[in-house]
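Participant: Offset between the sequence shown (1-based) and our numbering: plus 15. Even for Gly, the Cβ is constructed at its ideal location relative to N, Cα and C. One structure coming up, written as structure tokens, with questions to follow.
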Amino acid sequence: MQRGDMLSGGFALKGTIDQGLFVSNLFEILDETFENHHGIFLDRGTSLLQTLESISPTQASIPVGGKCASLAAQVAHVEFYLGLLERLMQGEEVERVDWGEIWRTYCAVTPEEWAELKGRLEATYRRVSKTMHGIEDWDDDRRIGGAMASVAHTPYHLGEIRQALCTLR
């Protein structure tokens, strides 16, 4: 077996993935993560946007433990990272980022700030989704990597938010 026949984890490649099948599944997972239940991995009414609608500005402002961030910081982080992934998928070079800045700077939010933050996240999601739907050729590390990161990273933070709500409520 040639080196090119192996993935980095040592699994033998058996063929190629149909791009249409890949993006169809990608878009369903992305849609379920943010807004519409498909029965893939979330219960009804637990998407990110639905979950955020149930959180008050006061709840969003409370750090969930001595060294943990607020829910507002979680949302700001997800919005920032989605935008970064979009830029990568579009082939842009991304400067070095201070991953800790959001965690250090976001805490309490006013009702207006909370509404604006949720609106920014939704707008970024819709823009990234439109960008992904516009990709015609997925044979690119940055596109696949960015898409995979978005459907792995966002549900992780959705879980963090939903778990924090158990403590906050």
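If we ignore side chains and look at the alpha-carbon of each, how far apart do Met-48 and Pro-170 end up?
Facilitator: For the purposes of this step, residue 48 is taken as the residue at position 33 of the sequence shown. For the purposes of this step, residue 170 is taken as the residue at position 155 of the sequence shown. According to the sequence as given, residue 48 is Thr; it is not Met. Distance between the alpha carbons of Thr-48 and Pro-170: 6 Å.
Participant: What residue range is occupied by the uninterrupted alpha helix (DSSP H) comprising Gly-160?
Facilitator: The count along the sequence shown starts at 1 and reaches residue 160 at position 145. 156 to 183 is the extent of the alpha helix (DSSP H) around Gly-160.
Participant: Report the residue ranges of all alpha helix (DSSP H) runs contained in full by the segment 82 to 146; include only those spanning at least 4 residues, in chain order.
Facilitator: With a minimum length of 4 residues, the continuous alpha helix (DSSP H) runs that stay inside the segment 82 to 146 are 86 to 104 and 116 to 120.
Participant: What span of residues does the alpha helix (DSSP H) with Thr-48 cover, start to end?
Facilitator: Translated into the one-based positions of the sequence shown, residue 48 becomes position 33. Thr-48 -> alpha helix (DSSP H) spans 34 to 49.
Participant: On the three-state DSSP scale, how would you describe His-148?
Facilitator: On the sequence shown, residue 148 is found 133 positions in, with the first residue counted as 1. Helix, per DSSP.
Participant: Classify Arg-111 as buried or exposed, calling it buried when 16 or more other Cβ atoms lie within 10 Å of its own Cβ.
Facilitator: Working through the sequence shown from its first residue, we reach residue 111 at position 96. With fewer than 16 Cβ atoms within 10 Å of its Cβ, Arg-111 is classed as exposed.
Participant: Of all the options Asp-46, Ala-179, Val-90 and Thr-120, which has the alpha carbon lying nearest to the alpha carbon of Ser-62?
Facilitator: Here the question's residue 62 lines up with position 47 in the sequence shown. The option with the nearest alpha carbon to Ser-62 is Asp-46.
Participant: Within the chosen definition, does the segment 52 to 60 reach the segment 73 to 89 through at least 3 CB pairs nearer than 8 Å?
Facilitator: The segment 52 to 60 is not in contact with the segment 73 to 89.
Participant: My assumption, with CB atoms under 8 Å, is that Arg-177 sits in contact with Thr-66. Please give the rounded CB distance.
Facilitator: Mapped onto the sequence shown, residue 177 falls at position 162. Mapped onto the sequence shown, residue 66 falls at position 51. Contact holds; Cβ gap of about 6 Å.
Participant: Determine, using beta carbons only, whether Ala-87 and Cys-122 come nearer to each other than 8 Å.
Facilitator: Your numbering for residue 87 matches position 72 in the sequence shown. Your numbering for residue 122 matches position 107 in the sequence shown. Yes.
Participant: What's the gap between the Cα of Leu-183 and the Cα of Ser-144?
Facilitator: Translated into the one-based positions of the sequence shown, residue 183 becomes position 168. Translated into the one-based positions of the sequence shown, residue 144 becomes position 129. Roughly 31 Å separates the two Cα atoms.
Participant: Going by C-alpha distance, which of Gln-34, Met-163, Glu-43 and Thr-31 is nearest Met-104?
Facilitator: Taking the sequence shown and counting its residues from 1, the one referred to as residue 104 is at position 89. Taking only the C-alpha atoms, the option nearest Met-104 is Met-163.
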